[in-house]
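Read in order, the letters of the sequence shown are residues 7 to 126 in the numbering used here.
Where a beta carbon is used, it is the ideal one built from N, C-alpha and C, also for glycine.
Nothing here was measured: the structure is a model prediction, and the numbers come from that model.
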Amino acid sequence: MERIVIQETDPAVLEILDIALTEAGFEVHATDHCAPDFLEIIAATQPHLVVLDFKLSGKEAIDVCNQIKRRFPHLPIIALSCNYNINQDYERHGFDDYIRKPFDLDLLVKILRRHIPKVP
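Written out as structure tokens, the structure is:
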């Protein structure tokens with residue numbers, strides 16, 4: 007089963023993501039924060055992909071992305087953002103792709119599956 011860690015600051019969006027992606031067949035580990043133990047959560051769950059809320063407070067999300075990439079260089083990280091310019095910003099900040107809010111759930115699943123390595 008494909009495991010993903012989702013960090014989203016909006017509890018309503020996080021709940022929708024958790025339910026929808028679980029129904030789509032993902033094993034979801036959802037959190038509303040990036041506490042100091044976030045990298046340990048990733049190490050413990052060994053996800054195939056991380057979805058990170060870009061609005062953590064801008065630079066903080068970029069810092070978290072960079073920390074993840076340093077420790078887990080092959081782990082895909084998808085930015086989730088309502089930032090209109092995210093399509094120009096995501097790659098230069100280390101994210102592998104982006105999903106703009108509001109999002110279409112079918113498109114979300116398609117983007118996630120595109121970045122998850124084939125899992126037996």
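- Shown here for P17: same chain residues with a beta carbon closer than 7 Å to its own, the five before and five after excluded, namely D38 in chain order.
- Rounded to whole angstroms, the gap between the alpha carbons of T15 and K61 is 8 Å.
- A Cβ-Cβ distance of about 7 Å is found for the pair E33 and E8, placing them in contact under the 8 Å criterion.
- Residue G100 holds the alpha-carbon nearest to the alpha-carbon of E66 among E21, N91, G100.
- Contact between L58 and A85 is confirmed by a C-beta separation of about 6 Å, below the 8 Å threshold.
- Put simply, of K107, N72, Q94 the residue whose alpha carbon is nearest the alpha carbon of S87 is K107.
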